[in-house]
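First up is the structure itself, then whatever we jot down about it.
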Amino acid sequence: MDTSPQRYKEELIQIILAKCAEEGVMKTAIPSLSFYTTTTNTECIPAIYEPSLCLVLQGAKILLLGGTYYRYDALGYVLASTHMPTRVRITEASTEHPFISLKLTFTMEDIFEVMKEMEPKAMCVTMRTPERGLCFGESNTPLLDPLMRLVRLLDTPQNIKFMAPLIMKELLYIVMSDKGGEFLRKYLMDGSSTQQVVKVISKIKNDFAENINIKELAKTFAMSESSLYHNFKKVTLMSPLQFQKTLRLEEARRMLLTQGLDASEVAFAVGYESPSQFSREYVRMFGLPPKTYAKTIHHDAENIA
């Protein structure tokens with residue numbers, strides 16, 4: 001039997017196309033698994049990666065992170081350790097060859113549970129591990145095999161509750177045993193600056209509509225203000241205030257597209273005190289005023305895997 005990555009890729013493409021009746025995001029009966037398909041290229045769209053593994057099966061996309069462009073195509077993946085604001089662009093999609101990808105989400109608690117059962121010698125972290133919250137790689141047979149089994153579970157929904165968590169744990173073990181493992185472990189080392197930044201990111205994400213007090217934030221997580229700023233920027237490539245602004249504007253975009261609210265209502269809901277300031281910053285990020293954007297844009301960038 002052919003167990004090459006190419007064979008897995010072709011079969012996954014067939015399965016996903018058969019299950020996706022429409023273009024866009026398709027959530028599945030497995031909460032951590034979703035598919036994305038499109039036949040059209042996109043502009044460079046702001047997006048937020050959550051902790052996840054995003055694998056391209058067909059087509060290509062470009063990701064803009066901190067002024068650097070990263071391209072990944074069939075069998076390439078991006079591993080996100082935390083919530084990371086980026087910009088993405090689908091560059092290879094057509095009616096004959098749609099862009100196809102899948103996304104597996106996880107929590108750092110899931111990673112920690114796998115770490116606890118791994119051999120100590122596999123747990124080292126070197127200084128060469130990138131600080132940023134994204135890691136890029138190429139998928140191989142050891143990763144694609146359990147991934148295929150997870151996708152096939154969708155055909156036997158009665159088995160999902162029992163089998164999906166086991167296969168997810170296997171998948172995370174494979175990731176942790178490869179180059180992504182060292183990358184993720186860095187975010188779980190007790191007392192490390194990287195781990196502290198992840199906690200700060202979670203705090204800002206949960207309370208994005210509240211004003212940030214850097215002094216209080218640093219005190220809460222036992223960091224100096226300069227250390228917080230420096231290490232936060234190493235991971236996210238932006239300051240805490242820039243990160244919060246991005247979260248606010250992304251949530252505003254989602255609300256405009258899905259809830260039919262006017263710009264002023266959305267501005268106040270995401271934490272802005274001035275609708276005019278909100279509109280200026282929205283144009284700066286998305287290229288169009290809020291009202292115009294809501295009428296002309298129909299894609300959901302945060303779910304593009």
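Take the sequence shown: its position 293, counting from 1, is numbered 293 in the UniProt record's numbering, and each next residue is one higher.
We put the beta carbon where it would ideally sit given N, CA and C, even for glycine.
Since the structure is predicted, the reported quantities are computational estimates derived from the model, not experimental observations.
Beta-carbon proximity list for residue i, same chain, < 7 Å, skipping 5 on both sides
i	result
Leu-241	Ile-212
Thr-105	Ser-32, Glu-50, Pro-51 and Ser-52
Asp-110	Leu-172
Val-283	Pro-289
For residue i, the three-state DSSP class (helix, strand or coil)
i	result
Gly-24	strand
Phe-286	helix
Thr-292	helix
Lys-186	coil
Pro-31	coil
Ala-47	strand
Ser-139	coil
Tyr-272	coil
Thr-40	coil
Ala-80	strand
Gln-259	coil
Phe-99	strand
Counted within 10 angstroms of its Cβ, other Cβ atoms place residue i as buried (16 or more) or exposed
i	result
Ser-202	exposed
Gln-14	exposed
Pro-157	exposed
Ser-274	exposed
Gly-133	buried
Phe-232	buried
Arg-185	buried
Gly-137	buried
Gln-196	buried
Glu-251	buried
Thr-28	buried
Ser-81	buried
Same chain only: Cβ atoms within 6 Å of residue i, ignoring 5 sequence neighbours per side
i	result
Tyr-272	Phe-278
Phe-208	Gln-244, Leu-247 and Arg-248
Leu-79	Leu-53, Cys-135 and Gly-180
Residues near residue i in its chain [Cβ-Cβ closer than 8 Å; skip 5 each side]
i	result
Thr-86	Pro-46, Ala-47, Ile-48, Tyr-49, Leu-63, Leu-64, Leu-65 and Leu-134
Val-151	Leu-12, Ile-15, Ile-16, Leu-33 and Leu-102
Ser-239	Tyr-229, Phe-232 and Lys-233
Alpha-carbon to alpha-carbon, residue j and residue i
i	j	result
Lys-61	Thr-296	22 Å
Cys-44	Ile-90	8 Å
Thr-258	Tyr-70	30 Å
Glu-96	Tyr-36	16 Å
Pro-165	Thr-141	20 Å
Glu-92	Pro-146	27 Å
Arg-253	Ala-294	8 Å
Ile-227	Lys-219	Before going on, a small fix: residue 227 reads as Ser here, not Ile. Going by the C-alpha atoms only, they are around 11 Å apart.
Thr-40	Phe-99	8 Å
Leu-57	Met-115	28 Å
Leu-143	Lys-9	12 Å
Val-125	Asp-155	Note on Val-125: pLDDT 49, under 50, position unreliable in the model; no value is reported.
Glu-139	Gly-76	According to the sequence displayed, residue 139 carries Ser and not Glu. Going by the C-alpha atoms only, they are around 6 Å apart.
Glu-117	Ile-30	24 Å
Thr-3	Met-148	11 Å
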